[in-house]
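Asker: Okay, handing you the structure first.
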Amino acid sequence: MTELSTVAEVLTGTEVDVDQAAVVDGRGTALRILDTAISIIEAHGEAGLRMGDLVDQSRTTVGSVYHFYGSREGVIEAVRAHQFEPVTGANPDGPEAIVQELIDTLELAQPGDDLLDVAATFMARFFEEDTTEHLWQTYEIIGSARLRPGLRHSIASAQGVRNANYARLIELLQEKGMIKPEFNAWTLGVFVQAFANGRLLGLMDESEEFTEDAWAAIVLHFLESILVTP
Numbered sequence: 010m011t012e013l014s015t016v017a018e019v020l021t022g023t024e025v026d027v028d029q030a031a032v033v034d035g036r037g038t039a040l041r042i043l044d045t046a047i048s049i050i051e052a053h054g055e056a057g058l059r060m061g062d063l064v065d066q067s068r069t070t071v072g073s074v075y076h077f078y079g080s081r082e083g084v085i086e087a088v089r090a091h092q093f094e095p096v097t098g099a100n101p102d103g104p105e106a107i108v109q110e111l112i113d114t115l116e117l118a119q120p121g122d123d124l125l126d127v128a129a130t131f132m133a134r135f136f137e138e139d140t141t142e143h144l145w146q147t148y149e150i151i152g153s154a155r156l157r158p159g160l161r162h163s164i165a166s167a168q169g170v171r172n173a174n175y176a177r178l179i180e181l182l183q184e185k186g187m188i189k190p191e192f193n194a195w196t197l198g199v200f201v202q203a204f205a206n207g208r209l210l211g212l213m214d215e216s217e218e219f220t221e222d223a224w225a226a227i228v229l230h231f232l233e234s235i236l237v238t239p
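As structure tokens, then:
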């Protein structure tokens, strides 16, 4: 059993042949360490995660940290995997929640509905400060996974869930005759995500003004090209 599988089992309560009270206590300790590490990394980055601070702020021991996460690297991997995960890492007001709300809305759409108007309504919410911070975090996690095979595997699984959700939505809209059928649903779903996440590249370049209106005009033009118009 690896250290990472140990913490996964503690968090889900799947150990066998152990006292249930010990499982509950272990789950609480593991979550407290994880929550503390998340706060530290979000405030100071991965370089700011020091074992002494983590132990003091989580009110635990170095032994517990190593028991549940294996090492400082194991803690970082657990934090990044949690942040990237579509459900548990989602902020109730963050981009994951906005995307899910958009998906729920589009699933109820019917031929004749103005999807461009729906898209424009949701698009403005992606320019909010919290959403931009999430974009930065997403880039950080993907970069962090490059040399961490375990983390890369974890976020690949999470991304697979996102891709499947987008593909399912696009297939549904194609069945309703609202999106042109010649587009591969999975590929189009990935492209739409890249289109949205790429906005950060514009925000990084402070030599040019990057406005919501200019971005929205391009996005809506793209959407017009894939939608079936009456």
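Under my numbering, the first residue of the sequence shown carries the number 10, and numbering increases by one thereafter. C-beta: ideal position from N, C-alpha, C; glycine also.
Report all residues from its chain with a CB closer than 7 Å to the CB of V33; omit the five preceding and five following residues, and keep chain order.
Answerer: Summary for V33: the model assigns pLDDT 42, below 50, so the residue's position carries little reliability; its value from the coordinates is reported in the next sentence. There are no such residues.
Asker: Output yes or no for whether 7 Å exceeds the beta carbon distance between E184 and A194.
Answerer: Not in contact: E184 and A194 (Cβ atoms no closer than 7 Å).
Asker: By DSSP, does L236 sit in helix, in strand, or in coil?
Answerer: Three-state DSSP puts L236 in a strand.
Asker: For the alpha helix (DSSP H) holding F219, just list the boundary residues, first then last.
Answerer: Premise fails: F219 is in no alpha helix (DSSP H) and is neither H nor E.
Asker: Report buried or exposed for G79, applying the criterion of at least 16 other Cβ atoms within 10 angstroms of its Cβ.
Answerer: Label assigned to G79: buried.
Asker: Please say whether L58 and I50 have beta carbons closer to each other than 7 Å?
Answerer: A contact, by the Cβ cut-off of 7 Å.
Asker: Do A165 and F93 have their C-beta atoms closer together than 7 Å?
Answerer: Taking 7 Å as the Cβ cut-off, A165 and F93 do not qualify as a contacting pair.
Asker: Determine the direct distance from the alpha carbon of V108 to that of T114, and round the result to whole angstroms.
Answerer: T114 and V108: Cα-Cα distance of roughly 10 Å.
Asker: Is it the case that the stretch 138-150 contacts the stretch 198-211, given that we only count it when at least three CB pairs across the two stretches are under 8 Å?
Answerer: Yes: the two stretches touch, three or more of their Cβ pairs being nearer than 8 Å.
Asker: Have a look at T70 and A154 and give me their C-alpha separation to the nearest angstrom.
Answerer: One C-alpha to the other measures close to 27 Å.
Asker: With a 10 Å radius around its C-beta and 16 neighbouring C-beta atoms as the bar for buried, classify L212 as buried or exposed.
Answerer: With fewer than 16 other Cβ atoms within 10 Å, it is exposed.
Asker: Using only CA atoms, which one of L63, R68 and S67 lies nearest to E82?
Answerer: Nearest option by C-alpha distance: L63.
Asker: Can you check whether the CB of I112 is closer than 7 Å to the CB of L197?
Answerer: No, the pair does not count as a contact, with Cβ atoms beyond the cut-off.
Asker: What first and last residue would you give for the alpha helix (DSSP H) that runs through F192?
Answerer: First-last for F192: undefined, no H or E at that position.
Asker: Curious, which full-length alpha helix (DSSP H) runs of at least 4 residues does the stretch 73-145 contain?
Answerer: Fully enclosed alpha helix (DSSP H) runs of 4 or longer: 81-93, 104-116 and 124-132.
Asker: Go ahead and pull the three-state DSSP assignment for R157.
Answerer: Coil, per DSSP.
Asker: Which stretch, first to last residue, makes up the alpha helix (DSSP H) that contains L209?
Answerer: Here the alpha helix (DSSP H) through L209 covers R208 to M213.
Asker: Rounding to the nearest angstrom, what Cα-Cα distance links E274 and L209 in this structure?
Answerer: Given that the chain is displayed from residue 10 to residue 239, the structure contains no residue 274 and the question cannot be resolved.
Asker: Can the beta-carbon of L236 be found less than 7 Å from the beta-carbon of A128?
Answerer: Against a cut-off of 7 Å, the Cβ pair of A128 and L236 comes out as no contact.
Asker: In angstroms, rounded to a whole number, what distance separates the CA positions of A118 and R171?
Answerer: Their Cα atoms are separated by approximately 20 Å.
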